[in-house]
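Converting from the sequence shown to the working numbering requires adding 313 to each position, the first position being numbered 1. We put the CB at the ideal spot given by N, CA and C, even for glycine. Remarks on the structure that follows.
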Amino acid sequence: MRVATYNVEWFTNLFDDDGRLLDDGGWSGRRNVKRHQQIAALGTVFKRLDADAVLVVEGPDISRHRDGAAALEGFARHFHLRARSALFGYSNDTQQEILLLYDPDTISAVHDPIAPGTGSHIAPRFDGEFRIDLDIDATEDVVSWSKPPLEALLDTPLGPMRLIGVHAKSKAPHGARNAAEIMRIAISNRRKQLAQCIWLRHRVAEHLAQGDPLIVLGDFNDGPGLDEYEELFGRSGVEIVMGRDAEPEARLYDPHAVAALQSRLSAQPGTARFYNAEQKRYISALLDYIMVSPDLRRKAEGWRIWHPFDDPECWHEIPLRDALLTASDHFPVTLDLKTA
Numbered sequence: 314m315r316v317a318t319y320n321v322e323w324f325t326n327l328f329d330d331d332g333r334l335l336d337d338g339g340w341s342g343r344r345n346v347k348r349h350q351q352i353a354a355l356g357t358v359f360k361r362l363d364a365d366a367v368l369v370v371e372g373p374d375i376s377r378h379r380d381g382a383a384a385l386e387g388f389a390r391h392f393h394l395r396a397r398s399a400l401f402g403y404s405n406d407t408q409q410e411i412l413l414l415y416d417p418d419t420i421s422a423v424h425d426p427i428a429p430g431t432g433s434h435i436a437p438r439f440d441g442e443f444r445i446d447l448d449i450d451a452t453e454d455v456v457s458w459s460k461p462p463l464e465a466l467l468d469t470p471l472g473p474m475r476l477i478g479v480h481a482k483s484k485a486p487h488g489a490r491n492a493a494e495i496m497r498i499a500i501s502n503r504r505k506q507l508a509q510c511i512w513l514r515h516r517v518a519e520h521l522a523q524g525d526p527l528i529v530l531g532d533f534n535d536g537p538g539l540d541e542y543e544e545l546f547g548r549s550g551v552e553i554v555m556g557r558d559a560e561p562e563a564r565l566y567d568p569h570a571v572a573a574l575q576s577r578l579s580a581q582p583g584t585a586r587f588y589n590a591e592q593k594r595y596i597s598a599l600l601d602y603i604m605v606s607p608d609l610r611r612k613a614e615g616w617r618i619w620h621p622f623d624d625p626e627c628w629h630e631i632p633l634r635d636a637l638l639t640a641s642d643h644f645p646v647t648l649d650l651k652t653a
């Protein structure tokens, strides 16, 4: 069984209000990429992934006038994808939804948000608010998600399992006008991102304590050693969600995160590639993860980042390499699980 996470940059711009593909020469949301180019590239990538379930981060908009789930299912029909049913949880106001595209012949999926007071669960629902003192000033901060995580209950060839799809707060200092504002906004955004990860960790710990097979995946906008402000807080959000200091049975595992934690001075894996206009060069970052509970780790046959420059198969398969570079500023991550 193959599970994937894929952040598709401005997927929503490829559809009209009726959910039809805008397969034309208009500009997409990607730099110097036309809509028909991005659509064709995404079709190539999704078909090559051939996943049983794909968490689509930055999926098409769900609002009064747009049905992103129907649009995504139309995209799947257009390219004859095996994963052709779309599940969404909470819609948001960012035009960047979190959806699960899955193969209904192998998996069933329902949105199953957990509320406080059900069983041993104490963490708020992800569409609510989380109260925490972020800066030790004896005053509670109220935290919310701009993109509430998708909580899915799956029935799979491996049996029932829980899946949480995540798009955490970006730490980029958008809107900053000078160095002082860059620092202030970056630190504020990191505090919010860490608070979201603490909230998510509460939910993870609850599931692991109950023995639930669990997959937590998506774009965390964070990774070990990613920016200089991490030292102010001691840990990255990824380390918090994984439960790095917890007992082994209460930890999540992702090999790319572990590799980054073990050696921050050596070359790191990357899942995203951004153009820095000021430096006139591309920069890479490890932002996307598939974390699993200990029981699923024992069934794992391997994680893969479909990076066109780092993965030899992607590099030598030229149509796939070109498609990965055209489709998004992130690259897919997959996990294969043994079903027997």
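For residue i: DSSP bridge partner residues
i: H424; result: A465
i: G338; result: DSSP output for G338 lists no bridge partner at all.
i: R665; result: The structure shown does not extend to residue 665, since the chain is modelled only from 314 to 653, so the question has no answer here.
i: A399; result: L414
i: M604; result: V529
C-beta contact flag for residue i and residue j at 8 Å
i: L648; j: W616; result: yes
i: D416; j: R395; result: yes
i: V358; j: L638; result: no
i: R514; j: G478; result: no
i: A436; j: A364; result: no
i: L400; j: A465; result: yes
i: G531; j: L368; result: yes
i: F298; j: V456; result: Past the boundaries of the shown model lies residue 298; the chain is included only from 314 to 653, so the question cannot be answered.
Collapsed DSSP secondary structure at residue i in the structure displayed
i: C587; result: Looking at the sequence provided, one finds Phe at residue 587 rather than Cys. Strand, per DSSP.
i: S597; result: strand
i: Y542; result: Bear in mind that the predicted position of Y542 carries a pLDDT of just 49, short of 50, making it too unreliable to give a figure here.
i: E552; result: helix
i: L471; result: coil
i: L394; result: coil
i: T419; result: coil
i: A317; result: strand
i: I618; result: strand
Of the residues the options, the one placed nearest residue i, counting alpha carbons only
i: L527; options: V554, L513, K505 and M474; result: M474
i: D608; options: A522, I631 and H424; result: A522
i: V370; options: R390, E322 and D337; result: E322
i: A573; options: F443, P621, W619 and A598; result: A598
i: G441; options: I427, E453 and P632; result: I427
i: R611; options: L368, L471, H520 and W512; result: L471
i: N326; options: V646, P645, A653 and S641; result: S641
i: D623; options: K651, T584, E614 and Y595; result: T584
beta-carbon residue i near the ligand GDP non-hydrogen atom, thresh 7 Å
i: L400; result: This structure lacks the ligand GDP; in fact it carries no ligand of any kind.
Is it true that the segment 602–619 meets the segment 551–566, where meeting means three or more beta-carbon pairs spaced less than 8 Å apart?
-> yes
Three or more C-beta pairs closer than 8 Å, one from the segment 408–415 and one from the segment 369–377: is that the case here?
-> yes
Three-pair Cβ contact test at 8 Å for the segment 377–385 versus the segment 336–355 = no
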